[in-house]
Amino acid sequence: MCGFEGKNGAGASEKALEMCANIDDMTAEDLSAAMDVLLGAGALDVWFEHIQMKKNRPAVKLSLLARPEEKGRMAELMLRHTTTLGVRMREVERATLERRVKNVETRFGPVRFKEGLLGGRVIKSMPEFDDIKKISRETGLPTGEIRKGAEEDEKSQRADAAPPPAGV
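UniProt numbering puts the first residue of the sequence shown at 1, with every later residue one more than the last.
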């Protein structure tokens, strides 16, 4: 199980439900709308995989992760908002980092950063793409340029705030 220690150790481990359906008769727009419904209803993650079905038909596999107690509601939403006639389900275990959001003042303005912590230490930090996209629309700058600058600013501020190494 990825070497995680559980909720009080290096990370957290939790049970989740993976639900999926193979779909070969929906438009991309309708699939996108179904994804929005599922995410809006609390699915932990939703994704599509390209697959080949019987009669050599190209299709997609719609998958989601949900909390086990959401099984009935998520299955109903998948059945109502897609053309599938059935939903497959299996319990999975997932390892997660502790997460938090912090606001960083960057050269472009405020940007939220998502941080992933392991054992109480930040091991991942990434800018919220919605903030990057908003700044891009407002300034006309490419999202890649904004992301890079925001990451540099966040790293600089994190280094300034870090306590000196032991023994210095």
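The beta carbon of each residue, even a glycine, is placed where N, CA and C say it ideally should be.
Exercise for the section: Between the Cα of E18 and those of R100, E93 and K102, spot the shortest distance and give me the residue it belongs to. Expected result: Translated into positions along the sequence shown, residue 18 becomes position 18. Nearest option by C-alpha distance: E93.
Practice task
Compare the C-alpha of K15 against each of E91, I146, I23 and V37 and name the closest.
Solution key: Counted from its first residue, the sequence shown places residue 15 at position 15. The shortest Cα separation from K15 among E91, I146, I23 and V37 belongs to E91.
Practice task
Kindly provide the ranges of any beta strand (DSSP E) runs that are 3 or more residues long and lie completely inside the segment 111-136, ordered along the chain.
Solution key: 121-127
Problem - Boundaries (first-last residue) of the beta strand (DSSP E) holding K102 - result: Along the sequence shown, read from residue 1 onward, the residue named residue 102 stands at position 102. Looking at the DSSP string, the run of the beta strand (DSSP E) that includes K102 is E98 to T106.
Problem - P127 classed as buried or exposed, judged by whether at least 16 other C-beta atoms fall within 10 angstroms - result: The residue you call residue 127 lines up with position 127 of the sequence shown. P127 comes out buried.
Problem - CA nearest to the CA of S63, picked from L44, M53, G72 and Q52 - result: One-based indexing of the sequence shown puts residue 63 at position 63. Among L44, M53, G72 and Q52, the Cα nearest to that of S63 is on L44.
Exercise for the section: Provide the residue span of the alpha helix (DSSP H) that contains K71, from first to last. Expected result: Here residue 71 refers to the residue found at position 71 of the sequence shown. Per DSSP, K71 belongs to the alpha helix (DSSP H) from K71 to H81.
Exercise for the section: Pull up the CB-CB distance for D24 and A59, whole angstroms please, since I reckon it's below 8 Å. Expected result: The residue given as residue 24 occupies position 24 in the sequence shown. The residue given as residue 59 occupies position 59 in the sequence shown. A Cβ-Cβ separation of about 4 Å places D24 in contact with A59 under the 8 Å criterion.
Handout entry: Pairwise C-alpha distance: R57 and G116
Key = For the purposes of this step, residue 116 is identified with residue 116 of the sequence shown, where counting begins at 1. For the purposes of this step, residue 57 is identified with residue 57 of the sequence shown, where counting begins at 1. One C-alpha to the other measures close to 40 Å.
Exercise for the section: Could you tell me whether the segment 135-154 touches the segment 100-115, using the rule of 3 or more Cβ pairs below 8 Å? Expected result: Contact between the segment 135-154 and the segment 100-115 is present: three or more C-beta pairs spanning the two stretches fall below 8 Å.
Handout entry: Strand pairing of G86, partner residues [DSSP]
Key = Counted from its first residue, the sequence shown places residue 86 at position 86. BP columns for G86 are empty, so no partner.
Exercise for the section: Indicate the three-state DSSP secondary structure (helix, strand or coil) for R158 in the structure shown. Expected result: Translated into the one-based positions of the sequence shown, residue 158 becomes position 158. DSSP places R158 in helix when its eight states are reduced to three.
Problem - Same chain, Cβ closer than 7 Å to M35, neighbours up to 5 away in sequence not counted - result: To locate residue 35, count along the sequence shown from 1; it is residue 35. So the list reads V46, once near-sequence residues are dropped.
Practice task
Tell me N56's beta-bridge partners as DSSP assigns them.
Solution key: Taking the sequence shown and counting its residues from 1, one reaches residue 56 at position 56. BP columns for N56 are empty, so no partner.
Exercise for the section: Using beta-carbon positions only, say whether G42 and A66 come within less than 9 Å of one another. Expected result: Position 42 of the sequence shown, counted from the start, is the residue given in the question as residue 42. Position 66 of the sequence shown, counted from the start, is the residue given in the question as residue 66. Cβ atoms of G42 and A66: closer than 9 Å.
Exercise for the section: Alpha carbon to alpha carbon, how far is V122 from residue 178? Give it in angstroms, no decimals. Expected result: Residue numbering for the chain in the displayed model covers 1 to 168; residue 178 lies beyond these limits and cannot be assessed.
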